[in-house]
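What follows is one structure encoded as structure tokens, with my remarks underneath.
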Amino acid sequence: MDAFHPDTPPEAIEPSPRPPRAWKFWGTTVWGFVIFGAMFLGQAAVIVYYVLLQGGPLTAEGIIRVVGDGLTISLSVLAGLPMVLLVLWIATRPTGITFADYLGLRGTSWRNVIIGIVSLVVLVTLWDLVSRAAGREVTPGFMGDVLKSAQADGALWILVIAFAVAAPVWEELFARGWLYRGWSESFLGPYGAIALSSIVWTGMHLQYDWFFLCEVLSIGLLFGYLRFRTGSTWLTILLHALNNLAATIQTWWLAG
């Protein structure tokens with residue numbers, strides 16, 4: 029009856045807040061291009077800076093010469109991390125889900141960590157055995173040149189931080205965090221998301237030949253499965269970091 033009395037209007041009905049909702053296939057895909065583009069711009073800015081710093085022309089030849097330098101590669105990898113984090117933060121805001129929850133930044137059990145490490149060691153060892161049996165290099169040849177260049181510049185420690193910390197963090201947040209989360213809640217489902225995100229992640233390593241790309245794909249599938257089973261991107265970041273650190277030490281050792 030209060031509606032008939034102007035002095036006592038009915039209480040305003042507040043609309044219920046929109047429930048949290050992850051981006052689906054196309055939203056995840058479009059934002060994925062934006063995230064990758066931001067990473068590329070961050071890395072390219074470092075390369076262009078060093079080309080201009082050395083007084084060389086901003087040409088393909090000048091860029092290729094600078095890209096082969098260990099210090100430049102390390103700094104470009106480091107520069108990509110804040111760019112990726114910034115765009116990921118922007119992309120997760122409209123979903124109503126926290127940054128950590130959306131990207132799977134949650135802990136896991138020691139049992140899962142041990143299972144992940146053992147699985148990764150077995151997988152990489154099998155690839156090394158196949159590589160040796162085929163008379164191939166165990167590590168990509170260009171990695172040895174990059175390590176020697178970084179060591180000559182006194183920047184070996186920067187390269188280790190870039191390859192064993194920065195790269196695993198932003199690559200996993202992108203592939204197993206962002207891409208897997210959205211695609212797994214689309215028509216692809218978890219297994220389709222594991223496969224497609226692994227293919228995209230492999231495509232980000234085109235500096236390798238077909239053999240090492242196959243190895244990268246298999247590692248991506250393992251990481252994707254572990255992300256699915258444990259719900260933890262921290263686990264895949266840890267495994268990725270350990271893999272990159274071991275590969276860096278192995279390459280440094282073989283390169284003398």
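In the working numbering, the protein residues as written are 29 to 284. Positions of the beta carbon are idealized from the N, C-alpha and C atoms, including for glycine.
| Query | Result |
| --- | --- |
| Span separating the alpha-carbon of LEU266 from that of LEU133 | 12 angstroms |
| Per-residue DSSP class, three states only, for GLY231 | helix |
| Of the residues ALA194, GLU243, GLY172, THR261, the one placed nearest THR276, counting alpha carbons only | GLY172 |
| C-alpha gap between TRP280 and VAL105, whole angstroms | 19 angstroms |
| Local Cβ density within 10 Å of GLY83, reported as buried at 16 or more and exposed below that | exposed |
| Complete alpha helix (DSSP H) runs within the stretch 122-195 (minimum length 4 residues, chain order) | 127-130, 138-161, 169-180, 184-189 |
| THR56 beta carbon less than 9 angstroms from that of TRP229 | no |
| DSSP state of GLN82 mapped onto helix, strand, coil | coil |
| Option nearest ILE227 by Cα separation, candidates PRO47, VAL244, GLN235 | VAL244 |
| Three-state secondary structure assigned by DSSP to GLU213 | coil |
| Burial state of ARG49 (16 or more Cβ within 10 Å) | exposed |
| CB contact flag (PHE251, HIS233, <9 angstroms) | no |
| Pick from GLU200, TYR208, GLY248 that is closest to LEU113, judged by C-alpha positions | GLU200 |
| With 16 other Cβ atoms within 10 Å as the buried cut-off, status of THR153 | exposed |
| Span separating the alpha-carbon of ARG288 from that of ARG121 | No statement about residue 288 is possible, as the shown extent of the chain runs from 29 to 284 and does not include it. |
| Beta-carbon proximity list for LEU69, same chain, < 7 angstroms, skipping 5 on both sides | MET111 |
| Backbone CA spacing between GLY182 and ASN272 [nearest angstrom] | 20 angstroms |
| C-beta atoms of TRP206 and LEU116 nearer than 9 angstroms | yes |
| Cβ pair ASP97, SER177 closer than 9 angstroms | yes |
| Whole-angstrom distance between VAL62 and LEU270, CA atom to CA atom | 28 angstroms |
| Identity of the residue in ILE247, LEU224, ARG204, ALA274 nearest SER260 by Cα | ARG204 |
| Within the stretch 222-274, ranges of the alpha helix (DSSP H) (whole runs, at least 4 residues) | 238-258 |
| Run of the alpha helix (DSSP H) containing TRP51, from where it starts to where it stops | Note, TRP51: premise wrong, no alpha helix (DSSP H); not H, not E. |
| Distance CB(ARG255)-CB(TYR208) smaller than 9 angstroms | yes |
| CB contact flag (SER102, ALA190, <9 angstroms) | yes |
| Under 9 angstroms between C-beta atoms of GLY65 and PHE202 | no |
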